[in-house]
Amino acid sequence: MTENRTLMPHHKLGLGVIVAIGLTTLVFGVFQMRRSIFDPLARSGDLDLKTPEQVEEERVTALKAADTDQDGLNDYDELYLFRTSPFLTDSDSDGLSDGVEVAQSSDPNCPVGQNCRQVSTSVPVPEVSQTSGTDDSLPPEISPDEATILQAMERVFGDLNSLTPEKMNERLQALTPEELRTFMLEIGVPQTMLDQADDATLRQLLADTMVEMPAPETTVPDTEPTE
Numbered sequence: 001m002t003e004n005r006t007l008m009p010h011h012k013l014g015l016g017v018i019v020a021i022g023l024t025t026l027v028f029g030v031f032q033m034r035r036s037i038f039d040p041l042a043r044s045g046d047l048d049l050k051t052p053e054q055v056e057e058e059r060v061t062a063l064k065a066a067d068t069d070q071d072g073l074n075d076y077d078e079l080y081l082f083r084t085s086p087f088l089t090d091s092d093s094d095g096l097s098d099g100v101e102v103a104q105s106s107d108p109n110c111p112v113g114q115n116c117r118q119v120s121t122s123v124p125v126p127e128v129s130q131t132s133g134t135d136d137s138l139p140p141e142i143s144p145d146e147a148t149i150l151q152a153m154e155r156v157f158g159d160l161n162s163l164t165p166e167k168m169n170e171r172l173q174a175l176t177p178e179e180l181r182t183f184m185l186e187i188g189v190p191q192t193m194l195d196q197a198d199d200a201t202l203r204q205l206l207a208d209t210m211v212e213m214p215a216p217e218t219t220v221p222d223t224e225p226t227e
């Protein structure tokens with residue numbers, strides 16, 4: 001004898017709801033799977049991947065369009081042509097901006113009135129007193145601004161005579177955002193300029209500047225030959 005099993009109306013309704021939910025979930029899952037497989041392939045054709053040459057060209061273009069210290073020379077020319085600081089309006093601290101000295105066909109890295117002769121880089125960089133003494137404690141060729149920059153560089157990079165571009169870049173990348181901004185203040189970057197740039201931009205610009213600038217050198221004044 002078989003038992004007569006008849007679904008009540010409310011049972012049929014519940015079963016229909018369960019089946020509908022299951023079918024909806026299945027269709028949605030298949031749709032999501034298709035999207036996850038085919039959408040990345042479709043988008044990959046729209047990606048504008050840049051070559052290293054294009055990236056470098058954009059970097060150079062940005063440097064040529066920027067004049068960070070507002071001295072009339074773009075950052076590219078300061079870094080690669082005149083070897084001046086794009087952060088300092090007056091790199092040699094003689095009272096004339098780098099742009100004015102270039103326009104006058106003067107050396108923006110040599111104070112007016114001096115005949116700067118570079119000596120071999122094997123000559124040790126003169127040690128700068130760490131105390132805030134008078135200007136008499138500094139060699140006559142080093143201005144107070146230059147002494148401050150040297151002190152800041154020695155504090156961040158250590159011995160400047162053994163400093164290489166690789167060590168310099170490694171130390172720059174290790175600086176915290178606070179240390180980075182403090183160092184840039186010490187080497188003459190205005191606070192207003194720091195407030196307008198993010199940490200990544202400042203770090204990259206500083207890395208470009210420090211690596212491209214020549215190693216610190218001493219200058220010797222002309223002396224009369226001795227009899």
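Reminder that position 109 of the sequence shown reads as 109 in UniProt numbering, one-by-one numbering, no gaps. Even glycine gets a Cβ: it sits at the ideal position worked out from N, Cα and C.
Straight through space, the alpha carbons of Met168 and Glu154 are spaced by roughly 11 Å. Rounded to whole angstroms, Ala200 and Cys110 show a C-alpha spacing of 32 Å. Between Leu73 and Asp98, the gap from beta carbon to beta carbon is short of 7 Å. Per the C-alpha coordinates, the member of Asp92, Ser105, Gln173 and Phe183 positioned closest to Gln204 is Gln173. Bounds of the alpha helix (DSSP H) holding Arg171 are Pro165 to Ala174. In this structure, Phe157 and Leu150 do not form a Cβ contact; the two beta carbons are roughly 10 Å apart against a cut-off of 8 Å. Short of 7 Å from the beta carbon of Leu88, and not among the five residues preceding or following it, lie these beta carbons of its own chain, in chain order: Asp69 and Gly188. With contacts defined as CB atoms closer than 7 Å, Asp75 and Ala66 qualify as a contacting pair. For Met33, there are no CB contacts under 6 Å within the same chain when 5 residues up- and downstream are skipped.
In the DSSP annotation of this structure, the continuous segment of the alpha helix (DSSP H) that includes Gly99 starts and ends at Asp98 to Ala103. Beyond the five residues adjoining it in sequence on each side, Glu57 comes within less than 8 Å, by CB distance, of no other residue in the same chain. Contact annotation, Leu194 with Arg181: C-beta distance approximately 5 Å; criterion of less than 8 Å satisfied.
For Phe183, the closest of Leu202, Arg35 and Ala103 by C-alpha to C-alpha distance is Leu202.
Ranked by Cα distance from Phe82, the first of Asn115, Glu101 and Ser93 is Glu101. Per DSSP, the unbroken alpha helix (DSSP H) holding Thr61 starts and ends at Pro52 to Ala65.
Shortest Cα-Cα distance from Ala152 to any of Glu166, Glu179, Glu170 and Pro165 involves Glu179.
Residue Ala147 holds the alpha-carbon nearest to the alpha-carbon of Glu186 among Thr51, Ala147 and Gln104.
Burial check for Pro52: the Cβ neighbour count within 10 Å stays below 16, so the residue is exposed.
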